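Residue numbers (this note's numbering): 79 to 737.
Now the structure itself:
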């Protein structure tokens with residue numbers, strides 16, 4: 079694996095433990111939830127989750143009621159454990175965030191230091207176990223004599239003390255090599271070969287046990303004495319590293335952020351850091367590892383209780399369904415878990431969008447935005463519905479409802495893909511085979527929402543959520559029906575030999591009708607959301623989303639529709655102010671429309687003497703008020719004078735322009 083790929087892989091893996099720490103902190107609500115529920119509910123905090131039951135001071139403070147505090151219990155005995163717990167949780171959260179933001183080289187140094195600590199601790203435990211075994215055994219250690227006499231059976235017998243000593247020795251060799259090869263000071267200090275001495279000291283207990291009598295006074299002190307050098311070296315490294323964290327980490331990071339902000343905007347800096355930290359990949363790996371860990375614990379618990387595998391390895395559908403519900407509920411019980419699940423939604427939606435792009439044979443970057451938008455939508459839905467604070471049963475139901483909304487939004491994105499393809503295919507004479515794939519996707523968009531709504535209305539009672547999903551799904555049906563109708567009109571026009579002058583009017587009416595229906599759906603969703611906000615579940619996030627929906631989906635849509643209507647009405651007024659060309663004028667000109675290059679059976683005459691189709695000229699007037707040929711103003715006070723002129727005079731006035 080190339081070095082860059084290896085660093086990228088390590089950057090993903092080494093940041094996952096920080097998320098586990100943050101996840102546990104959010105699960106414990108940073109030590110605040112238990113105290114908050116105590117003072118809110120007038121109950122003792124002994125039953126509240128989120129605080130360590132082993133802390134006696136906290137337990138005493140938790141068991142105090144409000145009446146006891148009023149009766150003279152010192153306030154400090156209650157406030158101090160709460161403040162201490164809050165500070166410890168906050169420090170742990172800040173440390174986890176700092177570790178998550180570290181660069182890959184700093185992460186390597188940190189985890190190598192952790193590996194040294196773990197290796198030293200395991201080595202100490204092995205030595206302690208060896209000494210305990212030797213002191214409790216009545217056998218005499220004779221490693222060198224057995225080696226000289228080639229008594230191999232003494233080393234192969236697991237009950238033999240020689241076997242224990244030799245096994246411990248080789249394990250300590252492994253730990254000694256790990257310590258020497260992974261130890262690296264987190265600062266610029268250099269201790270020469272002291273780390274090698276600390277590593278070799280781990281080998282002394284099995285060696286001394288082999289040569290000293292078991293009742294020697296130094297035997298019982300060997301583990302702590304031999305590990306003392308390594309522990310002192312690690313502690314010194316830790317103290318120096320913490321003392322120099324500002325100089326080596328915080329200040330360079332702050333300077334790097336300042337340089338980035340000078341060269342980029344805040345959004346650009348966040349995007350750069352988002353890519354550097356590989357946030358989506360880290361979140362996905364975190365969610366997968368979390369799901370695997372929960373699956374293992376869930377399976378062990380069920381097997382111990384005899385719920386599964388009691389009569390063989392067969393599993394029923396109900397057990398699989400129960401497992402999936404448990405995994406999904408556990409996968410979104412904290413904010414970090416919801417972010418991770420949103421990243422999984424991004425991956426799934428991106429893959430679906432990529433498949434539709436491949437199926438429709440189009441090349442653009444639309445599928446990239448699908449995953450981002452839908453993952454953000456899923457996270458917003460989870461936050462505004464309070465997904466993390468619900469019970470397991472309600473959380474599963476709410477999660478399924480959110481998935482329905484996300485799936486419907488995915489159908490809207492697919493419609494955005496297929497709509498321009500159908501319009502372009504219908505406007506040109508192409509082979510029938512090229513129409514099959516887009517029409518298949520259009521049929522899918524037409525049938526799936528109807529089937530989903532039929533199933534939902536059959537199995538669920540009327541509710542605000544069901545009304546929202548129905549409106550959102552029917553909007554897809556209306557859009558695809560409008561697209562197919564326009565596709566049919568363009569297809570008919572493409573196979574006609576004559577110019578269909580009123581085609582644009584029909585297309586406008588269909589689009590206007592579809593936009594009006596979509597606008598009504600938007601108003602309905604706003605009213606439905608207002609009802610939910612006022613009478614079911616409010617919140618700041620839902621209020622903000624309602625304001626955004628009211629501005630973008632109602633106000634802007636209404637304003638844009640009204641502007642389009644005014645432009646069309648103004649263009650019609652301008653066109654009506656121009657005179658119609660008489661048959662005599664058309665026969666004299668004997669030309670095609672300069673806009674659409676079609677024959678002119680009917681035409682409008684501009685003040686500058688040019689002839690155009692009325693519909694073509696109207697579309698031109700949507701953009702500007704000048705003639706497409708000579709760029710003079712198309713309408714003015716002279717329009718009535720032009721009507722009063724003889725037919726031949728209008729044509730003969732500027733014959734070279736007519737040609």
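C-beta: ideal position from N, C-alpha, C; glycine also.
If you're wondering where the values come from, they're calculated on a predicted model, not measured in any experiment.
query	result
For residue 658, the first and last residue of its enclosing alpha helix (DSSP H)	Where residue 658 is concerned, there is no enclosing alpha helix (DSSP H), given that its DSSP letter is neither H nor E.
Helix, strand or coil at residue 711 [DSSP, three-state]	strand
Selection from 449, 518, 507 and 505 that minimises the alpha carbon distance to residue 487	449
Buried or exposed (CB count within 10 angstroms, at least 16 for buried), residue 587	exposed
Sequence-distant residues of its chain with Cβ nearer than 6 Å to residue 545 (five each side left out)	606
C-alpha gap between residue 644 and residue 666, whole angstroms	36 Å
Cβ-heavy atom distance, residue 672 to the ligand MG, below 7 Å	Looking at this structure, you won't find the ligand MG or any other ligand, since it has none at all.
Local Cβ density within 10 Å of residue 574, reported as buried at 16 or more and exposed below that	exposed
Alpha carbon of residue 196 to alpha carbon of residue 397, nearest angstrom	39 Å
CB of residue 422 within 8 Å of CB of residue 477, strictly	no
Straight-line Cα distance separating residue 175 from residue 374	28 Å
Beta-carbon proximity check, residue 412 vs residue 104, cutoff 8 Å	yes
Between the CA atoms of residue 571 and residue 627 - distance to the nearest angstrom	38 Å
Cβ contact (3+ pairs, closer than 8 Å) linking the stretch 533–540 and the stretch 498–512	no
C-beta contact flag for residue 522 and residue 484 at 8 Å	no
Nearest-angstrom Cα separation, counted from residue 464 out to residue 414	14 Å
Contacts around residue 355, its chain only, beta-carbon distance under 6 Å, and the 5 residues preceding and following it disregarded	none
Same chain, Cβ closer than 6 Å to residue 127, neighbours up to 5 away in sequence not counted	In this prediction, residue 127 has a pLDDT of 40, which is less than 50 and means its spatial position is unreliable; what the coordinates show is noted afterwards. Once the five neighbours on either side are set aside, residue 127 has no close Cβ partner at all.
Beta-bridge partners of residue 704, as assigned by DSSP	711
Neighbour flag for residue 342 against chain B, beta carbons, 8 Å	This model lacks chain B altogether, as it is built from one protein chain only.
Per DSSP, cross-strand counterpart(s) of residue 682	658 and 690
Three-state secondary structure (DSSP) of residue 677	strand
Where residue 316 falls, given that 16 or more other Cβ within 10 Å makes a residue buried	exposed
Sub-8 Å separation of residue 418 and residue 361 beta-carbons	yes
Own chain residues within Cβ distance below 7 Å of residue 602, not counting five before or after	549
Short Cβ contact (8 Å threshold) for residue 410 with residue 460	yes
Same chain only: Cβ atoms within 6 Å of residue 694, ignoring 5 sequence neighbours per side	671, 673 and 674
CA nearest to the CA of residue 710, picked from 161, 630, 329 and 688	688
Pairwise C-alpha distance: residue 581 and residue 563	12 Å
C-beta contact flag for residue 567 and residue 584 at 8 Å	yes
Residue 393, DSSP secondary structure in three states	coil
Length of the line joining the Cα atoms of residue 167 and residue 108	5 Å
Range covered by the alpha helix (DSSP H) that runs through residue 586	581–609
Sequence-distant residues of its chain with Cβ nearer than 8 Å to residue 425 (five each side left out)	358, 362 and 449
Distance between beta carbons of residue 427 and residue 452, contact taken as under 8 Å	4 Å
Own chain partners of residue 350 with C-beta closer than 8 Å, once the 5 adjacent residues on each side are dropped	338 and 342
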